[in-house]
Amino acid sequence: MYRLLFCLLLCCTGLPTQAGVYTYIDADGNRVFTDQPPSGQAQRIEMAPSNSMSGSDTPPPVPLTMEEPKAPVYQLLRIIIPEPDATIIEPSGDLIVTASSEPNLQSGHNFRLQLDGQPVGAPGRSPVFPLKNIDRGTHQISVEILDAEGRILERTPSQPFHLKRISLAQKRQANPCKKADYGVRPECPLKDKPKEPKDIPLIPFI
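All letters in the sequence shown, in the order written, are residues 1 to 206 by the UniProt record's numbering.
(1) Could you check the C-alpha separation between K179 and K193 for me, to the nearest Å?
(2) For R136, name the three-state secondary structure that DSSP assigns.
(3) State the start and end residues of the unbroken alpha helix (DSSP H) segment that holds R172.
(4) Could you give the DSSP three-state label for E196: helix, strand or coil?
(5) From the DSSP secondary-structure annotation, give me the bridge partner or partners of K179.
(6) Mind checking who E144 pairs with in its DSSP beta bridge?
(7) With distance defined between alpha-carbon atoms, name the residue in P127, D26, R185 and T138 nearest to A169.
(8) Compare the C-alpha of V128 against each of I166, D35, R78 and F161 and name the closest.
(9) Around the C-beta of R151, are 16 or more other C-beta atoms found within 10 angstroms, so that it is buried, or is it exposed?
(10) Run through DSSP, which three-state label would L190 get?
(11) Do the region 108-125 and the region 82-91 touch if we need at least three Cβ pairs shorter than 8 Å?
(12) What did DSSP end up calling G150 once you bin it into helix, strand or coil?
(13) Excluding the 5 residues preceding and the 5 following K164 in the sequence, name in chain order all residues of the same chain whose CB lies nearer than 8 Å to its CB.
(14) With a threshold of 7 Å on Cβ separation, who are the neighbours of P157 within its own chain once the five nearest residues in sequence on each side are excluded?
(15) If you drop the 5 nearest sequence neighbours on each side, which residues of the same chain put their C-beta closer than 6 Å to that of Y102?
(16) Would you kindly check if the distance between the Cβ of D147 and the Cβ of H109 is under 7 Å?
(17) Under 7 Å between the Cβ atoms of P123 and Q140?
(18) Output needed for R172: all residues of its chain with C-beta closer than 6 Å, excluding positions within five of it in sequence on either side, in chain order.
(19) Mapping the DSSP letters down to three states, classify Y74 as helix, strand or coil.
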């Protein structure tokens, strides 16, 4: 009897809430549970409300929180020397690139110079970069700030400069070599020194 009652209760939980469950004693003295009772004999059983939830009661998904972007470490990074699109006249091809940052370079960070898209030398703390024997023509430079792992934190835009190297012949033409200049000035080598005329000994006239 109790097993039958338990099975019936399980089945009834799936019935609509408006359906009723009734019980009565049949002619053989057995208790019967049914949703269609005979008239006048059955008693209605009050069922506990179902705890099922409809789809509309599903809580909305929790929105993902986005992390706020971190403020940049440096507010300014620029190349001071040479100025953008500057023309530099240097026979040796040597020049110095100087940069600055605001705030000053922090601990563990380094500057690095890029010349024509290639790094020049090892990263370092100094914002001054000496360049030697650069070919004549137009070049592009930029300066980077790297963290301790070598990651780029800041980078200046690439800016051009134009290098002119005067040849020795042009220098000699602009400033002709004098006798004392040979072997002293690079454009006045000893091999180009004019030979001095030899003195012709006088032959006594007889």
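For every residue, glycine included, the Cβ atom is placed at its ideal position computed from N, Cα and C.
In terms of the structure at hand:
(1) Here residue 179 refers to the residue found at position 179 when the sequence shown is read from its first residue. Here residue 193 refers to the residue found at position 193 when the sequence shown is read from its first residue. Spanning the two alpha carbons is a distance of roughly 7 Å.
(2) Along the sequence shown, one-based indexing puts residue 136 at 136. Reduced to three states, the DSSP call for R136 is coil.
(3) Taking the first residue of the sequence shown as position 1, residue 172 is located at position 172. L168 to A174 is the span of the alpha helix (DSSP H), which, as asked, contains R172.
(4) Taking the sequence shown and counting its residues from 1, the one referred to as residue 196 is at position 196. Coil, per DSSP.
(5) On the sequence shown, position 179 is the one that residue 179 refers to. Beta-bridge pairing links K179 to no other residue.
(6) Against the sequence shown, residue 144 aligns to sequence position 144. In the DSSP output, where bridge partners are listed per residue, E144 has R112 and R155.
(7) Position 169 of the sequence shown, counted from the start, is the residue given in the question as residue 169. When only C-alpha atoms are compared, the closest one is R185.
(8) Indexing the sequence shown from 1 puts residue 128 at position 128. Considering only alpha carbons, the answer is R78.
(9) Here residue 151 corresponds to residue number 151 of the sequence shown, with the count starting at 1. So R151 ends up on the exposed side.
(10) Counting from 1 along the sequence shown, the entry for residue 190 is found at position 190. Helix at L190.
(11) no
(12) The count along the sequence shown starts at 1 and reaches residue 150 at position 150. In the structure shown, G150 sits in coil (DSSP, three-state: anything other than H, G, I, E or B).
(13) Taking the first residue of the sequence shown as position 1, residue 164 is located at position 164. These residues qualify, in order along the chain: T87, I88, I89, E90 and R136.
(14) In the sequence shown, the residue the question calls residue 157 occupies position 157. Result list for P157: S142, in chain order.
(15) Sequence index remark: in the sequence shown, residue 102 carries index 102 (1-based). What sits at residue 102 in the sequence shown is Glu, not Tyr. Cβ neighbours of E102 beyond the five flanking positions: Q75 and L76.
(16) For the purposes of this step, residue 109 is identified with residue 109 of the sequence shown, where counting begins at 1. For the purposes of this step, residue 147 is identified with residue 147 of the sequence shown, where counting begins at 1. Yes.
(17) Along the sequence shown, read from residue 1 onward, the residue named residue 123 stands at position 123. Along the sequence shown, read from residue 1 onward, the residue named residue 140 stands at position 140. Cβ atoms of P123 and Q140: not closer than 7 Å.
(18) Along the sequence shown, read from residue 1 onward, the residue named residue 172 stands at position 172. E187.
(19) Stepping through the sequence shown from its first residue, residue 74 is reached at position 74. Correct three-state label for Y74: coil.
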